[in-house]
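In what follows, a single structure is set out as C-alpha cells and then discussed.
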Amino acid sequence: MLKQNQESCSLPPRMDRKEYRLLIEHRGAGGLGCEILKNLALSGFKDIHVIDMDTIDVSNLNRQFLFRASDVGNSKAEIAARFVEKRVKGVSITPHNCKIQDKDDVFYMQFSIVICGLDSIEARRWINSALVNLFDPEDEDSLKPLIDGGTEGFKGQARVVFPTLTSCLECQLDMHAPRTAVPLCTLATIPRQPEHCIEWAHIIAWENDKPFPALDNDDPEHITWLFQKALARAKEFNISGVTYSLTQGVVKNIIPAIASTNAIIAASCCNEAFKIATQSNPCLGFEENYMMYSGNDSIYTYTFKHEKKDDCPVCGNLARELAVDPNITLEEFIASLAERAEAQLKKPSITAEKTLYMQAPPQLEKLSRPNLVKKMGELVGNGDEIGVTDPSLGAVDFKYKMKFSRDFASTA
Amino acid sequence: MTEIVTDQTPPVLHGPSDKEKKYDRQLRLWAASGQKALEDAHILLLNSGSGTVGVETLKNLVLPGIGKFTIADDSIVTEADLGVNFFLDEDCLGMSRSESCVRLLQELNSDVEGQHYQFGRDRPLEGLFSDATFTLILYTLPIDSNNLTLIQKYANEKKVPLLSIHSAGFYSYFQTHLPGSFPIVDTHPDSTATTDLRLLTPWPELSEFAQSVTKDIENQSAHDHGHIPYLAILLHHLARWQSEHGALPSTYKEKTAFRNFVSASTRTDNAEGGEENFEEAVAAVLKTISSPHLSGAVKEVFDYKPDEVESVSSFWIIAEAIKTFYSKHNALPLPGSVPDMKAQSTIYVQLQNIYKSKARQDVLEVLETVRVHPGGKDIPVTEVEIFCKNAAFIKLIHGKTSPASIVEIADKEFESDDIAALAMMPLSLLPIYLSLNATSHVPSASSSEIVATISKIIPSASSNPRIVKAAEEVARAKGGELHNISSLTGGMVAQEVIKIVTQQYIPIDNTCVFDGITSRTQVLRV
Ligand SMILES: [Zn+2]
Chain A
1 MLKQNQESCS LPPRMDRKEY RLLIEHRGAG GLGCEILKNL ALSGFKDIHV
51 IDMDTIDVSN LNRQFLFRAS DVGNSKAEIA ARFVEKRVKG VSITPHNCKI
101 QDKDDVFYMQ FSIVICGLDS IEARRWINSA LVNLFDPEDE DSLKPLIDGG
151 TEGFKGQARV VFPTLTSCLE CQLDMHAPRT AVPLCTLATI PRQPEHCIEW
201 AHIIAWENDK PFPALDNDDP EHITWLFQKA LARAKEFNIS GVTYSLTQGV
251 VKNIIPAIAS TNAIIAASCC NEAFKIATQS NPCLGFEENY MMYSGNDSIY
301 TYTFKHEKKD DCPVCGNLAR ELAVDPNITL EEFIASLAER AEAQLKKPSI
351 TAEKTLYMQA PPQLEKLSRP NLVKKMGELV GNGDEIGVTD PSLGAVDFKY
401 KMKFSRDFAS TA
Chain B
1 MTEIVTDQTP PVLHGPSDKE KKYDRQLRLW AASGQKALED AHILLLNSGS
51 GTVGVETLKN LVLPGIGKFT IADDSIVTEA DLGVNFFLDE DCLGMSRSES
101 CVRLLQELNS DVEGQHYQFG RDRPLEGLFS DATFTLILYT LPIDSNNLTL
151 IQKYANEKKV PLLSIHSAGF YSYFQTHLPG SFPIVDTHPD STATTDLRLL
201 TPWPELSEFA QSVTKDIENQ SAHDHGHIPY LAILLHHLAR WQSEHGALPS
251 TYKEKTAFRN FVSASTRTDN AEGGEENFEE AVAAVLKTIS SPHLSGAVKE
301 VFDYKPDEVE SVSSFWIIAE AIKTFYSKHN ALPLPGSVPD MKAQSTIYVQ
351 LQNIYKSKAR QDVLEVLETV RVHPGGKDIP VTEVEIFCKN AAFIKLIHGK
401 TSPASIVEIA DKEFESDDIA ALAMMPLSLL PIYLSLNATS HVPSASSSEI
451 VATISKIIPS ASSNPRIVKA AEEVARAKGG ELHNISSLTG GMVAQEVIKI
501 VTQQYIPIDN TCVFDGITSR TQVLRV
C-alpha cells in the first residue's frame, strides 16, 4: 500500500526525538504556530525553539488556543512557550521574540528541522534561501529539512523541502501567483467596485490629506477614516458594498483563517517532522513533496511531486530566458518584475556587466539612478545575462537571459 | 451567547463590535448567519477509546464559538492520556476524563458553555438523553456496541446528524450519518465559476444597452472606444456574426473564429498598441459564449422526490418553484452579478442595474409560484432571493448509505488499483477503512483477527496484500492514537461539523479515510 518512496528518506542517520532540536517560525495572522507547538510536544520532541516577533491581538483568539483575552498585547512566542511547557511534562521550549532575519547561520545550524507557519511570502523566501545556502555537501549536519504550512479559509498546503536536493520554496513560487494590482487610473478616474473606492482612499486620499502622521493598519481610527473616505467616494459614483469589514480586509490584505484548517495543516507538517525524525515511515520529500488540501466541496487532497527547477534563483544555476521589449525603460522593467509570478520582486537591484541599478547603499542608489529612465536596449544587448537580487529576501539571485521581443528603436 | 452578530454594516462612526473583532477571520467565511447557527448549536461528544481525536475536534469548535458542547465519557484519566491529549494535565490524574477535558476546553472561549456527563455502573448513559437536545452527535471508535445502539436510536428518533471517528496509529477515518436528504443552497462555489451573463439570450434592456454604447462604433473617440464594456463588445459582435452567418457561434471552431473576429476590431493605432477592453472581450469568449446547461447536482435536486415531511420545507418548496421557472424559460433565474471590467463608472453601474433588475424580476416570478404553494405563504423573500442567486450551485447530499454493497465497492476500488500505476492515480484507501472498521468494538486486535473479520464480508480479503498490510499497521497501533493523526482528523471533522451546522459549503458523502503514511485522503460512499 505504500508507494515506491520507501527508500526516499536518505537522511541524517536515525536520531531519537530527544536529540532533535526543532525550530518553529511563526509569524502573522494565520496562526499555525500554536498547533505546531502542541503537536511537537505531544509527539515526543523535547527541545523546541520558536521565533515570533508578533504580539497577541484580539482577532487571534478565534484559533490561537494558547492565548487568552488577558494575554492580548504580550509576545506570542513567550506566552505560547510558557503555556506548552506547563501543560506537557518534560518539553523545553525556547522563545525568540524577534524577526527570523535577525538570526544568523550559526543560529540556524543548531537545529535538525525547521518548520514554518509564516503567512508572508517574503519571510518564506528568506528562510528558504538561508537554508539552501547553509547546506555544505561536505557536512551532513548542514542539511536542514524545511517543512512549510499555509492556510486560507477551508484550504491549505503542507510541503517538505530538502534544501538543494529537492524542489525548494522558490522553485514553487509560481504556485502562489501575486494578486494583480488595480491600475492607478482606474482608482483615480473610473472606480467600479467597492474595492476600488477603498484602494483610492488608501493610496490617493491618504497621501493628499495626511490625516495622521503614518498609517497604522491596526488603529481603528485610521481604518475608520479610510472607510468614511471610501464610502463617500462610493456614494459619488453610485457604487454599493463599501463596509468597515471590507475596508479592513482590503487595507490589511486579510486572509480568512479558522481553527480547523490550522489543525489540519499544522498536524500534517508535524506528522512529516515525526516521520523524518523517527524514520518510522516514508516522509514527504524525495518523491511526493507537496500536499494540497481543500475542504470547500467535500474533502479533496492532492499529494504530488513538485520538480526542482534548474533555473531556480536559489537552488539552481541556469539563467532563464526572459522576453523583454528593448524600448521600455529600466524603471518599467523593474516594475514588471513585481508582477511576474516566478519573480514577485518589489525592490530588486539589477546588474549586467556593470551595475544598472542598486537599491542600496544610498550612494550607489544615487549613482545608478540616472539609468532608470534609459531604455533597456541602451543598457543591455540581445542575449545578455543580467542578475537580479533583492536583499530583503536573502540570497535570492535571479539570472535572466535577455531576449528582445522586438527591434530596438534607438532614439539616440 | 450574549449578543448576536448582525448582518448590518456597523454605523458609520463605530467600528466593529468586540465579537466581530474576535471572530473577524471566520465571519469572512460563513458570515453572521453561519455564526448564528454555530452559536445556537449544542454538540455532544460520546468519547471512548484512547480519547484524543474527539477532544481535538471539539477544540476546533469551541474556538470559533459553538454555543454549547457536552462530553459523555466513562473513563478516568490515566498516565497514558497525558502523553497524547493536550486538554488534560497532571492535576487531572485519577479524575473524571469528561469533566477534566471540559474544564480545559472551556478555558479557550468564555462565550461557550461546556457540560460533562460521566457515566458508569450507577449512572447509565441513557440519563444523558432525558432532558438535553443535541444538534449533532460525535462519537469515537472503538465503542461499546450497547452505547452505540443507544445513540443511534436517539439520532434516528430526533433526526440528528451523527458522525463517527476512528483514529489509530497512522490511520483514521470518519463517517457522517445524516438524517435523510441534506440540501445546501449556500455552497460557496469558486468565484471564477459563477459568471453567468446570458450573452446568447440577451433580454431587450440588455440588447438596447449594448446597441447604445456601441453606436457608430467605428467613429467613436479613442477614449470611448477603449471604454466600451467587454460585455457590450461581445453582444455587438454576436449580432454582426449572426447577421453574416445566420446563426450564433456554437462549435469550438466557430467560437475560435468568433474570437478572431472580435480581436480584429481592436484599434492598434495608439501608444499601447491595443485596447484593454478588447483584450478582456477576446479572453472572455470561450467562457461566456455558451448556452447555460444544468449541472448534474441541480438535475439531481430537480429529479428528487421529497417525502411528505421534506416537501413542506422551504428548500423543497422553492426548489419546486425554480423547477417550474426552468421548464418555462429553459434557464435558471439570473444570478444578477456582473464581473469587473474596463468601463466608465456610470456605464458600469448602468450595466449592473440592468442585470440586477432582471434578477429581481426572476425572483418575483419564482416568488409568485412559491406563494401559491400551501406551505409557501410565510417563506421570507430573502430566502427566495438567496436561492435564486445560487440556483446553479445548489447541492443535495443524500445522507443515506450507498446502495452498493461493500463487496461491490471493494471490487470497484481494487479494480481501479490494478491500473493505478498506469493512470498515475493513487491507490484506494479502502483497506484502511476495512481494517479500522474491523476493530470498531474491540480496543485492539491482531492482524490475523482483523483479516478474519474483514473476510466475513469480503471473502478474498486474506489474499489481498494491501488489506493484510493495512491490518498489520492497525494491529501495530494497538488502539493507540498518534497525536498528529488525531489532531489532523479532528480538524477535518470540525470542518464537516461546521459545514453541516451552518448549511454552508459542501459536506462529505459519506466517509473520509486518511492515510498518514502517504499523506492522502479519500472520500468514499459506503
Ligand atoms: Zn529552488
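Protein chains in written order, with full-length UniProt numbering: chain A, 1 to 412; chain B, 1 to 526. All residues carry an ideal CB built from backbone N, CA and C; glycine is no exception.
Nearest residue (CA-CA) to residue i, options the options
i: residue 454 (chain A); options: A:I190, A:E199, A:I239; result: Because chain A is modelled from 1 through 412, residue 454 (chain A) falls outside the range shown and cannot be assessed.
i: S129 (chain A); options: A:I258, A:N281, A:T389, A:S260; result: A:T389
i: I458 (chain B); options: B:I322, B:Y230, B:L434; result: B:L434
i: L384 (chain B); options: B:K158, B:E276, B:L138, B:A319; result: Looking at the sequence shown, residue 384 (chain B) is not Leu but Val. Considering only alpha carbons, the answer is B:A319.
i: L332 (chain B); options: B:Q175, B:M341, B:I322, B:T256; result: B:I322
i: R520 (chain B); options: B:Y173, B:Y139, B:D73; result: B:Y173
i: S209 (chain B); options: B:L29, B:R240, B:Q118, B:I354; result: The residue asked about is misnamed: residue 209 (chain B) is Phe in this sequence, not Ser. Closest option to F209 (chain B), Cα to Cα, is B:I354.
i: A273 (chain A); options: A:G44, A:D209, A:H26; result: A:G44
i: Q504 (chain B); options: B:T511, B:K395, B:T401; result: B:K395
i: F404 (chain A); options: A:E307, A:S392, A:G383; result: A:G383
i: H42 (chain B); options: B:L235, B:I467, B:L29, B:G65; result: B:G65
i: L82 (chain B); options: A:P362, A:D141, A:K229, A:L42; result: A:L42
i: D148 (chain A); options: A:S142, A:E140, A:L131, A:R124; result: A:R124
Residue-chain proximity (residue i, chain A), Cβ-Cβ < 8 angstroms
i: T521 (chain B); result: yes
i: V5 (chain B); result: With a pLDDT of only 42 at V5 (chain B), under the threshold of 50, the placement of this residue in the model should not be trusted, and no figure is reported.
i: T2 (chain B); result: The predicted model places T2 (chain B) with a pLDDT of 40, which falls under 50 and marks its position as unreliable, so this point remains unresolved.
i: H225 (chain B); result: no
i: residue 530 (chain B); result: This structure leaves residue 530 (chain B) out entirely; chain B is present only between 1 and 526.
i: V349 (chain B); result: yes
i: L63 (chain B); result: yes
i: Q106 (chain B); result: no
i: P10 (chain B); result: Note that P10 (chain B) has pLDDT 46, beneath the 50 cutoff, so the model's placement of it is unreliable and no number is given.
i: D186 (chain B); result: no
Beta-carbon separation (whole angstroms), residue i vs residue j, contact threshold 8 angstroms
i: P211 (chain A); j: W225 (chain A); result: 5 angstroms
i: V380 (chain A); j: M358 (chain A); result: The Cβ separation is near 16 angstroms, so there is no contact.
i: A461 (chain B); j: I454 (chain B); result: 4 angstroms
i: S50 (chain B); j: G479 (chain B); result: 6 angstroms
i: L141 (chain B); j: S164 (chain B); result: 6 angstroms
i: A277 (chain A); j: N39 (chain A); result: In fact, because the Cβ distance is near 13 angstroms, the residues do not count as touching under 8 angstroms.
Chain A contact residues for residue i, given Cβ-Cβ distances below 7 angstroms
i: F170 (chain B); result: N281
i: P16 (chain B); result: Y244, S245
i: S345 (chain B); result: I190, P191, R192, F237
i: N47 (chain B); result: Within chain A, no residue comes near N47 (chain B); the closest Cβ sits about 17 angstroms away, beyond 7 angstroms.
Proximity test, Cβ basis, 8 angstroms: residue i and chain B
i: Y400 (chain A); result: no
i: C270 (chain A); result: yes
i: G117 (chain A); result: no
i: L11 (chain A); result: For L11 (chain A), the predicted model reports a pLDDT of 36, less than 50, meaning its position is unreliable and no value from the coordinates is stated.
i: R179 (chain A); result: no
i: I190 (chain A); result: yes
i: A412 (chain A); result: Bear in mind that a pLDDT of 46 at A412 (chain A), under 50, signals an unreliable position, so the number given afterwards is only what the model happens to contain. Not one chain B Cβ lies under 8 angstroms of A412 (chain A).
i: L372 (chain A); result: no
i: M15 (chain A); result: The predicted position of M15 (chain A) is uncertain, since its pLDDT is 44 and thus under 50; a value taken from the coordinates is nonetheless stated next. No, M15 (chain A) does not count as interfacial toward chain B.
i: K38 (chain A); result: yes
i: N253 (chain A); result: no
i: E365 (chain A); result: no
i: G295 (chain A); result: yes
i: D407 (chain A); result: no
i: residue 413 (chain A); result: With chain A represented from 1 up to 412, any question about residue 413 (chain A) goes unanswered, as that position is not in the structure.
Contact set between residue i and chain B, taken where Cβ atoms lie within less than 8 angstroms
i: I264 (chain A); result: L488, G491, M492, Q495
i: V58 (chain A); result: D18, K21, K22
i: F154 (chain A); result: L29, Q495, Y505
i: P256 (chain A); result: R25, Q26, R28, L29
i: G249 (chain A); result: R28
i: T261 (chain A); result: G491, Q495
Residues that residue i contacts on chain A, provided the C-beta gap is smaller than 8 angstroms
i: E279 (chain B); result: Chain A residues near E279 (chain B): none, gap ~13 angstroms exceeds 8 angstroms.
i: C101 (chain B); result: By Cβ distance, chain A contributes nothing, its closest Cβ being about 13 angstroms from C101 (chain B), past 8 angstroms.
Residue i: contacting residues in chain B (beta-carbon distance under 7 angstroms)
i: A267 (chain A); result: N484, S487, L488, G491
Item to check | Residues surrounding ligand 1 [beta-carbon distance to nearest heavy atom under 5 angstroms] | outcome: The filter returns A:C168, A:E170, A:C171, A:C312, A:V314, A:C315, in chain order.
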